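Read in this note's numbering, the sequence shown has 1363 at position 67, and its numbers run on one by one without any break. We put the beta carbon where it would ideally sit given N, CA and C, even for glycine. Since the model is a prediction, treat every value here as computed from it, not as a measurement. Structure record follows, encoded as structure tokens.
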Amino acid sequence: MANRVTGTGKPKKTILKSVTSKLEKLNGDMKKKASVIKIATKRQLTPGEIAMSRLIFKDSIDYSKVWVHLGGLVHTRTGNAMTPAGEIYLPKDEYLNTPDYSEALGQDRHWFIHEMTHVWQYQMEAPTGWFGIKQLCHGGYTSTVNSADSGKGELKAYSTDLSGADANKKFSDFTFEQQGRIIEFWFDACYLQKVRPERDHHKKSLKLLGYVERILRDFLLNPYDKNLLPKS
């Protein structure tokens, strides 16, 4: 039986073969292009992130040296960020979904500022990587406590009692993780009043602001002072 002829005068099988060939070529071209598409695994700070960080750290940080990385080891399992040597390592979803923390939700902005505290510590020559290892060995990232400031279920490394047992401490008396928490409290209270102010963290930050400002007084005046660095 002969092939049915289309309006073009060409047999249907011939046309089908031609279309199939073109589709196969197109599919092959797309695969080739897809094979060379790479997701960037690190980036520098955005202008907005630098401006946001300058509100706290002024120019005590060399922002051109700060890189934000995708993925890593410990934080991939815990969901935490890590900043062991002046560069920030984020969980995959955070890295891909937040290209600019200056435009993120409130909790993501103060989280970013916490990590920038570790950048500040490192650039001021604190051994942040060693501090992190010690915290890990002492259960700081695996044991939870009922924190006076952060509530039930807080990781031990971040726990503070700024209106109680810690009220008379100097900034340098706090651990490197506690310093990050104190600075994020201050940043949240002072600069995120209009960014989802119903957040629990924001409410706690406002409540603690007076205590935080007393502890941070020397830091806010002179973030270039190495005497402010943590000892652990």
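Check	Outcome
Using beta-carbon positions only, say whether residue 1501 and residue 1481 come within less than 8 Å of one another.	yes
For a test of the three-state rule: what should DSSP assign to residue 1341, helix, strand or coil?	coil
Using a Cβ-Cβ cut-off of 6 Å (strictly less than) and excluding sequence neighbours within five positions of residue 1458, which residues of its own chain qualify?	1445, 1504, 1507
For a test of the three-state rule: what should DSSP assign to residue 1498, helix, strand or coil?	helix
Determine, using beta carbons only, whether residue 1406 and residue 1484 come nearer to each other than 8 Å.	yes
Check whether the region 1473-1480 touches the region 1408-1423, taking contact to mean three or more Cβ pairs, one atom from each stretch, closer than 8 Å.	yes
Who are residue 1443's beta bridge partners in DSSP?	1447
Pull up the DSSP beta-bridge partners for residue 1362, would you.	Answer is none; residue 1362 lacks a bridge partner.
Suppose you measure from the CA of residue 1527 to the CA of residue 1493; what does that come to, to the nearest Å?	34 Å
Pop quiz: residue 1351 and residue 1520 are said to be a contact at Cβ under 8 Å. What is the actual Cβ separation, rounded to whole angstroms?	In fact, because the Cβ distance is near 16 Å, the residues do not count as touching under 8 Å.
DSSP three-state label for residue 1357, please.	coil
So the candidates are 1450, 1361, 1431; which of them puts its Cα closest to the Cα of residue 1384?	1361
Would you give the residue range spanned by the beta strand (DSSP E) that residue 1391 belongs to?	Not the beta strand (DSSP E): residue 1391 falls in the alpha helix (DSSP H), residues 1388-1393.
When burial is assigned at 16 or more other CB atoms within 10 Å of the CB, is residue 1363 buried or exposed?	exposed
In the DSSP assignment, find the unbroken alpha helix (DSSP H) run with residue 1491 in it and report its ends.	Counting along the chain, residue 1491 falls outside any alpha helix (DSSP H), and DSSP gives it neither H nor E.
How many whole angstroms separate the CB atoms of residue 1424 and residue 1431, which I take to be in contact at a CB cut-off of 8 Å?	That pair is no contact at about 10 Å.
Check the C-beta distance from residue 1400 over to residue 1386 and give it rounded, since I have them as a contact under 8 Å.	Between residue 1386 and residue 1400 the Cβ distance is about 12 Å, and since that is not below 8 Å, they are no contact.
Which value, in whole angstroms, describes the spacing of the CA atoms of residue 1414 and residue 1448?	24 Å
Please identify the residue among 1379, 1337, 1419 whose C-alpha is closest to the C-alpha of residue 1393.	1337
Once DSSP output is grouped into helix, strand and coil, what is the label at residue 1378?	strand
With 16 as the cutoff for other CB atoms within 10 Å, does residue 1511 come out buried or exposed?	buried
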